[in-house]
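**Q** Protein chains in written order, with my numbering: chain C, 1 to 205; chain L, 206 to 364; chain Y, 365 to 1016.
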Amino acid sequence: MNQPIEGAPTPPQEAGTGSSRWRFVLPLGLFAALLIVLFVGLVHSPEKNIIPSPLVGKAAPQFSIPNLVSGGEPVSNAALRGHWSLVNVWGSWCATCRDEHQTLLMIKQQGAVPIIGIDWNDTPANASNWLQQLGNPYQQVGEDPNGRVAIDWGVYAAPESFLINPQGVIVYKEVGEITPEIWREQFLSRIDAAGGASPPPATGG
Amino acid sequence: MHSPRPSQLRALASAALLIGLLWVGRALAVDATPPLPTAQLQQRYLALTHELRCMQCQDESLADSEVDLAGQMRGEVHDLLLRGMTDQQVKDYLVSRYGEFILFKPPMNWRNAWLWGAPVLLMLIGLLVGWRIVVGRRRLVDEDPDEPLDDTVDEHWQS
Amino acid sequence: MVVELGHYALILAMLLAAAQAFFGLLGPALSRDRWMAAAPSAACGQFVFTALAVGVLIHAFIGNDFSVRYVADNSNSALPLFYRVTALWGAHEGSILLWIFVLSLWTMAVVARLRYLPTEFGARVLGVLGILSFGFLLFTLATSSPFSRLFPTPADGASLNPLLQDPAFAVHPPVLYTGYVGFSVSFAFACAAMIEGRRDQLWARWMRPWTVMAWAFLACGIALGSWWAYYELGWGGYWSWDPVENVSFMPWLVGTALLHSLIVTEKRGLFKSWTLLLALATFSLSLLGTFIVRAGLLISVHSFAADPTRGIFILAFLVIVVGGALTLYALRAPRMQSNAGFDLISRESFLLFNNILLVIAAAVVLAGTLAPDIAGALHLGTLSVGAPYFAPSFMVPVLPLLALLAVGIHARWKRGGLSHAKRVILTTLLCGLVIGLPLSLAVYGHPMPLAPVGAVLGIWIVLSSLVDPIDRIRRRLTLSASLVGMTVAHIGLGIFVLGITFVSSNSIERDVAMKPGQVAMVGDYAFRYEGVRDVSGPNFTAVRGTVTVTRHGQLITVLHPEKRRFYVQGTVQTTAAIAPGLHRDLLASLGDNVGAGAWSLRLQYRPLIRLVWIGGVIMALGGMLAVFGRRQRGPATVPDAIPIGAARRTPA
């Protein structure tokens, strides 16, 4: 009568008995596991909006689109062959592209890596005006008014930029604005790691 | 990127997709894409656009989203279906460009086994735990059948 | 000047919450009566100052005080007065303030009923609530004060997101929070019981009404949210397994398990430690929900602007509160076990499996919601989970659960079994089949695979729930509030199941480009597009379409879908036109002007969709009936907690 009665045989969560005491610690353990997941999620949350591209490490998609300059040659993979290139997806409607423009002009001035522009969801008139106003960092600009080429490149926002090596393989993708720091740390570092860039043959643009 | 897929899994996936699709009961965003020539193609189109994520929007499907990109991607799905691709090929096409994130339905492969297997696994654990509790308690009631019930609660419970 | 008053009011509220926690927990521990008596006073003070802070913020909104950053971000002078007030909970800072205010309201409710609890227990409950209030107030003052100023003061504000300019938005967050936060009372009761190490189960009886109330409010809140999404977003969807939706659903599922488990604990002293764990888990899921939607963890149309700093704070709060409670559980719960028994076929057994299945359902939803983060933590790549996963996975535990309900509701306690009910069970099942199958197969036709199952289950549940009350009425016995409440709630569930079944299986949707005068058929209904014209509202201009709906030649309704452009934010919002009906809804939405005088339109037919929300509200109503119908009992004359180690043979 004076003995506190222990609980009825309580089944453990998994097979095997032994002290049933530890099943009361199980919730704490599960909570700890949950915390780890949440913490990881929290740590990664700034990157939540940036989806890693499956195209990195693969050959650049085949494309051939009309040149912004009427009468010019279509812009295609030929422009990428034999040297490092930067493919930049932009639009005159895109505010962040405006911010990025200075950096692109700087890259053009350095002369090591030509920039091929894909004008996305835009009209030739707006694009030309824009480039006239702000300067043209592009060696060539192609038109993608209905977005199909962009889909081929896995583009979902502007600006997006792809670093292509001389063999035509996508080495890196940047979603969002390229700043001088990002250019140095993400793009130039990769070029240097592979042996450096030689200036491309001059072409009309 | 094309993994061989047993036909049963596909059937299950399609059934689950259809159930899932109808469970949500989501309508198409008003879609300017021209309808496909056959009803079957149109149905596949509807199913696919509900299963694919709009990459620009927070958590909306291609079918429901109103942004331009979604419209263009719906057009892409439309063209791919017209070209004769299977549902899986269409999905693979887009996944190879955008990654698995574009799928609302996690692919049923070994990597995601923990997720798809979770309901069944939890059911097995739950039934096991429940069974063991019942067995234990049944033994107790056999040992003390005359233990009185608590009378202080609502009269209702005395049935 | 007035605005700073709000800030100081929050500081005072926080200090009083600390006092409430201090006196509430240490008073009983040190057996100091005066301290125990101070706890309710501190709680009242905290409420007063919290209310004052809310009042100050409302005043700032009404008065268009754009020097307050929160007002400038969420309001505008062109905004109608009603929405200027509801903008209070339009973004993170205000909604946290709402959380705190609702918590203080629940605390006041506990204070009002304090005399029905033993003094020490009541003080401890208030103490735990005080810790929660303190934590949230600290969080608000440290990271999310709604009273921070903006210099220079803008001439006008950014206005409220057009999606939130809606009467339902006035009601949905407060009701939802009342539910979410209400489970903090169950949490506090559970902690108090564990602190005291009570070996009886009286705490279960005290806890149940609070739990049921919170559960009912949460059910209403979720139903409101679903209804609002339906008519606001205009896609005909009422539930998308969006992470934020899931995060409100999980506490409700576990809360349902809790209130069923409480019944067993109250009645037979069984499942005590399990019930305690559920009480902890339900509120932990509420806290988890709060964390997830504010910490940038989710990708969702619903989520607040992400801020990892806040995320860290809430995570720390979670660790302290939930970790602390679970540690208390690990220490105290083993001593609180019972040794009663029950048979395989008994009410206890059915309720046990009810709990197991509900918890599994919640776990599945949790797994899917956190899947991207789990995959990230285990380096399994990026993962994206949506309705195609949730819907089938959720049904795995829930379909058996529904069947168990229809059978188990007749089971007797302990050894009672079901032998007395065999005929009843078969009869109700037969009626379910006779009504449900033709309904699904013939009346609505072309059902999806599981639709007949859903139809039969829904009807079977309704009929099974009615058996016992009708029997008692026939035998001229009284019906207790609990029985009435339970019956109504279960009937609500059956109705809900029916609604979901038919709307999932038999909805029809069509996208068409139409010129004025053209007709499109949606099932039996003929939708005729008449044209569009321009209109304007208080803070928007719109294009308004007219669609006439007829059926077999008879005019049913005229629909006016709109596409609105809001002045301040420049955003475009599509407003669907809905013709509601008990047996079906008809919807029309405008798409785009496709040229040549034609517009693209989305037309829908949704059978029995209203049953989804009606069912949910009836469930909540059942809960309310169970709580408020109880006969008042006198002040607690029960003995105080029996300390651990003393002798107790029977579980009663």
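Beta carbons: idealized from backbone N, C-alpha and C, even for Gly.
Report the three-state DSSP secondary structure of V576(Y) (helix, strand or coil).
**A** Counting from 1 along the third sequence, the entry for residue 576(Y) is found at position 212. Three-state result, V576(Y): helix.
**Q** Short check: CB of L827(Y) to CB of L38(C), under 9 Å?
**A** In the third sequence, residue 827(Y) corresponds to position 463, counting from 1. In the first sequence, residue 38(C) corresponds to position 38, counting from 1. No, the pair does not count as a contact, with Cβ atoms beyond the cut-off.
**Q** Just curious, the alpha helix (DSSP H) that E630(Y) is in, first and last residue?
**A** Here residue 630(Y) corresponds to residue number 266 of the third sequence, with the count starting at 1. Looking at the DSSP string, the run of the alpha helix (DSSP H) that includes E630(Y) is 607-632.
**Q** Which residues, taken in chain order from the segment 145-164 of chain C, show a beta carbon closer than 8 Å to some beta carbon of chain Y?
**A** Within the segment 145-164 of chain C, no residue has a Cβ that lies closer than 8 Å to any Cβ of chain Y.
**Q** Mind checking which residues open and close the alpha helix (DSSP H) that includes L721(Y)?
**A** Counting from one through the third sequence, the residue named residue 721(Y) turns up at place 357. Where L721(Y) is concerned, the enclosing alpha helix (DSSP H) stretches over 711-741.
**Q** How many Å lie between C259(L) and D273(L) at the Cα?
**A** By 1-based counting over the second sequence, the position of residue 259(L) is 54. By 1-based counting over the second sequence, the position of residue 273(L) is 68. Their Cα atoms are separated by approximately 10 Å.
**Q** For a cutoff of 9 Å on Cβ pairs, would you count V728(Y) as touching chain A?
**A** No chain A appears in the structure shown, which is made up of the protein chains C, L and Y.
**Q** Can you list, in chain order, the residues of its chain whose CB lies under 6 Å from that of Q248(L), leaving out five sequence neighbours each side?
**A** As a first step, residue 248(L) is located in the second sequence; it is residue number 43 there, counting from the start. Once the five neighbours on either side are set aside, Q248(L) has no close Cβ partner at all.
**Q** Would you call the segment 718-725 of chain Y and the segment 271-288 of chain L in contact, with 3 or more CB pairs under 8 Å?
**A** Because the criterion of three Cβ pairs below 8 Å is not met, the segment 718-725 of chain Y and the segment 271-288 of chain L do not touch.
**Q** Have a look at S189(C) and I182(C) and give me their C-alpha separation to the nearest angstrom.
**A** Residue numbering aside, residue 189(C) sits at position 189 when the first sequence is read from its first letter. Residue numbering aside, residue 182(C) sits at position 182 when the first sequence is read from its first letter. Rounded to whole angstroms, S189(C) to I182(C) spans 10 Å at the Cα level.
**Q** If you follow the beta strand (DSSP E) that D119(C) is part of, which residue opens it and which one closes it?
**A** As a first step, residue 119(C) is located in the first sequence; it is residue number 119 there, counting from the start. From DSSP, the beta strand (DSSP E) with D119(C) extends over 115-120.
**Q** Can you list, in chain order, the residues of its chain whose CB lies under 6 Å from that of L134(C), leaving out five sequence neighbours each side?
**A** What you label residue 134(C) is simply residue 134 of the first sequence in a count that begins at 1. So the list reads H101, once near-sequence residues are dropped.
**Q** Determine, using beta carbons only, whether H283(L) comes closer than 9 Å to chain Y.
**A** One-based indexing of the second sequence puts residue 283(L) at position 78. With 9 Å as the cut-off, H283(L) does not count as an interface residue toward chain Y.
**Q** A424(Y) and V366(Y) - do their beta-carbons sit closer together than 9 Å?
**A** If you number the third sequence from 1, residue 366(Y) lands on position 2. If you number the third sequence from 1, residue 424(Y) lands on position 60. A contact, by the Cβ cut-off of 9 Å.
**Q** Would you call Q701(Y) buried or exposed, if buried means 16 or more other Cβ atoms sit within 10 Å of its Cβ?
**A** In the third sequence, residue 701(Y) corresponds to position 337, counting from 1. Classification of Q701(Y): buried, given that the 10 Å Cβ count is 16 or more.
**Q** Just the chain Y side, please: which residues come within less than 8 Å of F39(C) by C-beta, in chain order?
**A** Residue mapping note: residue 39(C) aligns to position 39 of the first sequence, counting from 1. Under the 8 Å cutoff, chain Y gives L679.
**Q** Does DSSP put R190(C) in a helix, in a strand, or in coil?
**A** Within the first sequence, residue 190(C) is the residue found at index 190, counting from 1. In the structure shown, R190(C) sits in a helix (DSSP, three-state: H, G or I).
**Q** Can you find at least 3 beta carbon pairs, one from the segment 779-790 of chain Y and one from the segment 702-712 of chain Y, that sit closer than 8 Å?
**A** Judged by Cβ distances under 8 Å, the segment 779-790 of chain Y makes contact with the segment 702-712 of chain Y, as three or more pairs qualify.
**Q** Can you give me the Cβ contacts of A15(C) inside the same chain, cut-off strictly under 8 Å, excluding the 5 residues immediately before and after it?
**A** Taking the first residue of the first sequence as position 1, residue 15(C) is located at position 15. Any answer about A15(C) is weak, because its pLDDT of 32 lies below 50 and its placement is not dependable; what the coordinates show is given next. Closer than 8 Å at the Cβ level, and outside the excluded window around A15(C), lies no residue.
**Q** Give the DSSP-derived three-state secondary structure of I872(Y) in the structure shown.
**A** Mapped onto the third sequence, residue 872(Y) falls at position 508. Strand at I872(Y).
**Q** Using a Cβ-Cβ cut-off of 9 Å, state whether D264(L) counts as contacting chain Y.
**A** As a working note, residue 264(L) is residue 59 in the second sequence. Taking Cβ atoms only, chain Y reaches closer than 9 Å to D264(L), which makes this a yes.
**Q** If you pair each beta-carbon of the segment 593-608 of chain Y with each one of the segment 550-570 of chain Y, do three or more pairs fall below 8 Å?
**A** Output reads no: the segment 550-570 of chain Y does not touch the segment 593-608 of chain Y.
**Q** Any idea what DSSP makes of R231(L), helix, strand or coil?
**A** For the purposes of this step, residue 231(L) is taken as the residue at position 26 of the second sequence. Bear in mind that the predicted position of R231(L) carries a pLDDT of just 32, short of 50, making it too unreliable to give a figure here.
**Q** Using a C-beta cutoff of 9 Å, does W599(Y) count as contacting chain L?
**A** Working through the third sequence from its first residue, we reach residue 599(Y) at position 235. Chain L contact via Cβ: present.
**Q** Can you name the residues of chain L whose CB is closer than 8 Å to the CB of P66(C)?
**A** Sequence index remark: in the first sequence, residue 66(C) carries index 66 (1-based). Those do not exist, as P66(C) stays about 17 Å from chain L at its closest Cβ, beyond 8 Å.
**Q** How long is the line joining the alpha carbons of L226(L) and Q245(L), rounded to whole angstroms?
**A** Counting from one through the second sequence, the residue named residue 226(L) turns up at place 21. Counting from one through the second sequence, the residue named residue 245(L) turns up at place 40. For L226(L), the pLDDT reaches just 36, beneath the cut-off of 50, and the residue's location in the model is therefore unreliable, although a value from the coordinates is still provided. Roughly 16 Å separates the two Cα atoms.
**Q** Please report whether the beta-carbon of P74(C) lies at a distance below 9 Å from any beta-carbon of chain L.
**A** Residue 74(C) sits at position 74 when you count from the first residue of the first sequence. Not one chain L Cβ lies under 9 Å of P74(C).
**Q** In or out: A193(C) buried (at least 16 other Cβ within 10 Å) or exposed?
**A** On the first sequence, residue 193(C) is found 193 positions in, with the first residue counted as 1. Looking at its Cβ environment, which holds fewer than 16 other Cβ atoms inside 10 Å, A193(C) is exposed.
**Q** Determine, using beta carbons only, whether L972(Y) and V831(Y) come nearer to each other than 9 Å.
**A** Here the question's residue 972(Y) lines up with position 608 in the third sequence. Here the question's residue 831(Y) lines up with position 467 in the third sequence. In this structure, V831(Y) does not lie closer than 9 Å to L972(Y) by Cβ.
**Q** What residue range is occupied by the uninterrupted alpha helix (DSSP H) comprising K108(C)?
**A** Indexing the first sequence from 1 puts residue 108(C) at position 108. From DSSP, the alpha helix (DSSP H) with K108(C) extends over 95-110.
**Q** To the nearest angstrom, how far is it from the Cα of A382(Y) to the Cα of L946(Y)?
**A** In the third sequence, residue 382(Y) corresponds to position 18, counting from 1. In the third sequence, residue 946(Y) corresponds to position 582, counting from 1. Straight-line Cα distance between these residues: approximately 51 Å.
**Q** Write down every uninterrupted run of the beta strand (DSSP E) in the segment 502-551 of chain Y whose length is 3 residues or greater and which is fully enclosed by it, in chain order.
**A** The qualifying runs do not exist here; there are none.
**Q** Could you say which of F162(C), G168(C), V169(C), I170(C) lies nearest to G176(C) if we only look at CA atoms?
**A** What you label residue 176(C) is simply residue 176 of the first sequence in a count that begins at 1. Checked all of F162(C), G168(C), V169(C), I170(C); the closest Cα to G176(C) is F162(C).
**Q** Might you give, ordered along the chain, the residues of its own chain that have their beta carbon closer than 8 Å to the beta carbon of C262(L), omitting 5 neighbours on each side?
**A** As a first step, residue 262(L) must be located in the second sequence, where it is residue number 57. Excluding sequence neighbours, C262(L) sits near S270, V272, A275.
**Q** Short of 8 Å Cβ to Cβ, which residues in the segment 743-767 of chain Y face chain C?
**A** So the close ones are T746.
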